[in-house]
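Enquirer: Here you go, one structure.
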Amino acid sequence: MVGRIIETPACVAEGAAWLATREPRFAALLDETGPLPLRRKTDGFAALLDAILGQQVSTASAAALWERLELAGLVTEDAVAAAGEAALRDCGLSRQKIRYARALAEARLDYADLREAPDSEVIARLTALPGIGRWTAEIYAIISLGRADVFAPGDLALQEAARMLFDLPDRPTERALRAMAEDWSPWRAIAARALWAYYRHMRSREGIR
Numbered sequence: 001m002v003g004r005i006i007e008t009p010a011c012v013a014e015g016a017a018w019l020a021t022r023e024p025r026f027a028a029l030l031d032e033t034g035p036l037p038l039r040r041k042t043d044g045f046a047a048l049l050d051a052i053l054g055q056q057v058s059t060a061s062a063a064a065l066w067e068r069l070e071l072a073g074l075v076t077e078d079a080v081a082a083a084g085e086a087a088l089r090d091c092g093l094s095r096q097k098i099r100y101a102r103a104l105a106e107a108r109l110d111y112a113d114l115r116e117a118p119d120s121e122v123i124a125r126l127t128a129l130p131g132i133g134r135w136t137a138e139i140y141a142i143i144s145l146g147r148a149d150v151f152a153p154g155d156l157a158l159q160e161a162a163r164m165l166f167d168l169p170d171r172p173t174e175r176a177l178r179a180m181a182e183d184w185s186p187w188r189a190i191a192a193r194a195l196w197a198y199y200r201h202m203r204s205r206e207g208i209r
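My numbering puts the first residue of the sequence shown at 1, with every later residue one more than the last.
Put into structure tokens, the structure is as follows:
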């Protein structure tokens, strides 16, 4: 069964209000950050391909890769599946990312069906593919599918934001942050948005080193 889907700023505001009541630190966070952004993107092949390109590279590098693929007409399932390694390599993809991109294209995922799948099934289906780990699958569920109760504790920005917000001595591990986030259900994806906003706010206030 699919739970709540975050579709509008009103959905985000509802979740943020719930979190502020549940946890005083989130109320203080929201006073500093102001309203949280919607953070929704379209779903489908291009969204997952973009996520794969962004793994272990800077935002600027990922954007440059995507621009080259777009110029070459290699951002659809059919085009990537039919492309030779040389064409993808010419766009700047590493051998590993070429393998992941082609595996995604050849998988022919039913993206419409994925929209109707329970959260756990979405994660399981995506992580079964080469190059898609749990973090990528959870980010896709949060941002592209709008799942309200999915969290991505492997995200370093979320870990660092949680450390600062909760005055922890060290950055929490993925396992520890996943356990913490259980208290934020059924709005864990809004908690993620709040922590991302807090991370940006704190980095801006302190200056990026």
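Yeah, the Cβ is synthetic: ideal placement off N, Cα and C, and Gly gets one too.
(1) With a 10 Å radius around its C-beta and 16 neighbouring C-beta atoms as the bar for buried, classify R175 as buried or exposed.
(2) Distance, Cα to Cα, R209 vs I190?
(3) Which class does R209 belong to by DSSP, given the choice of helix, strand or coil?
(4) Would a C-beta distance cut-off of 8 Å place P153 and R125 closer than the cut-off?
(5) Whole angstroms is fine: what's the gap from Y100's alpha carbon to G131's?
(6) Thinking C-alpha only, which one of S94, G146 and W135 is nearest A117?
(7) Confirm the yes/no value for this check: CB of L49, any heavy atom of the ligand FAD, distance under 7 Å.
(8) From the DSSP output, which residues share a beta bridge with I5?
(9) Using three-state DSSP, classify A72 as helix, strand or coil.
(10) Runs of 4 residues minimum, wholly inside the region 5-64: which ones carry the alpha helix (DSSP H) assignment?
(11) In terms of residues, what are the limits of the alpha helix (DSSP H) holding E182?
(12) Run through DSSP, which three-state label would I132 get?
(13) Helix, strand or coil: how does DSSP classify I190 here?
(14) Does the distance from the C-beta atom of L195 to that of L168 stay below 8 Å?
(15) Which whole-angstrom value describes the C-beta separation of L109 and I98, a residue pair presumed to lie in contact below a C-beta threshold of 8 Å?
(16) Do you know how far the Cα of S144 is from the Cα of A47?
(17) Which residues mark the beginning and the end of the alpha helix (DSSP H) in which S120 is found?
(18) Quick one, which of S58, L53, L49 and D90 has its alpha-carbon nearest D78's?
(19) Quick check on DSSP: helix, strand or coil for L109?
Expert: With the structure as the only source:
(1) Along the sequence shown, read from residue 1 onward, the residue named residue 175 stands at position 175. Exposed, since its Cβ has fewer than 16 Cβ neighbours within 10 Å.
(2) Counting from 1 along the sequence shown, the entry for residue 209 is found at position 209. Counting from 1 along the sequence shown, the entry for residue 190 is found at position 190. Confidence at R209 is low in this model, with a pLDDT of 36, below 50, so the placement of that residue is unreliable and no value is reported for it.
(3) Translated into the one-based positions of the sequence shown, residue 209 becomes position 209. For R209, the predicted structure reports a pLDDT of 36, less than 50, and the residue's modelled location is therefore unreliable. The matter cannot be settled from this model.
(4) Looking up residue 153 in the sequence shown gives position 153. Looking up residue 125 in the sequence shown gives position 125. Contact flag unset, no.
(5) Locating residue 100 in the sequence shown gives position 100, counting from the first residue. Locating residue 131 in the sequence shown gives position 131, counting from the first residue. So the two alpha carbons sit approximately 5 Å from each other.
(6) Numbered from its first residue, the sequence shown carries residue 117 at position 117. A117 has its Cα closest to that of G146, out of S94, G146 and W135.
(7) Absence of the ligand FAD from the depicted structure is noted, as is the absence of any ligand whatsoever, leaving it without description.
(8) Mapped onto the sequence shown, residue 5 falls at position 5. In DSSP, I5 forms a bridge with R147.
(9) Residue 72 sits at position 72 when you count from the first residue of the sequence shown. DSSP places A72 outside both helix and strand once states are collapsed to three, so it counts as coil.
(10) At a cut-off of 4 residues, the continuous stretches assigned as alpha helix (DSSP H) that sit fully inside the region 5-64 are 9-22, 24-33 and 45-53.
(11) Locating residue 182 in the sequence shown gives position 182, where the first residue counts as 1. From DSSP, E182 is part of no alpha helix (DSSP H); its letter is neither H nor E.
(12) Residue 132 sits at position 132 when you count from the first residue of the sequence shown. I132 falls in the coil class under three-state DSSP.
(13) One-based indexing of the sequence shown puts residue 190 at position 190. Helix.
(14) Here residue 195 corresponds to residue number 195 of the sequence shown, with the count starting at 1. Here residue 168 corresponds to residue number 168 of the sequence shown, with the count starting at 1. Going by C-beta atoms, L195 is not nearer than 8 Å to L168.
(15) Numbered from its first residue, the sequence shown carries residue 109 at position 109. Numbered from its first residue, the sequence shown carries residue 98 at position 98. So it is not a contact: roughly 19 Å between Cβ atoms.
(16) Your numbering for residue 47 matches position 47 in the sequence shown. Your numbering for residue 144 matches position 144 in the sequence shown. One C-alpha to the other measures close to 7 Å.
(17) Taking the first residue of the sequence shown as 1, we reach residue 120 at position 120. Where S120 is concerned, the enclosing alpha helix (DSSP H) stretches over D119 to T127.
(18) Numbered from 1 along the sequence shown, position 78 holds the residue referred to as residue 78. Considering only S58, L53, L49 and D90, the residue with the shortest C-alpha distance to D78 is L49.
(19) Within the sequence shown, the letter at position 109 stands for residue 109. It is coil, neither helix nor strand.
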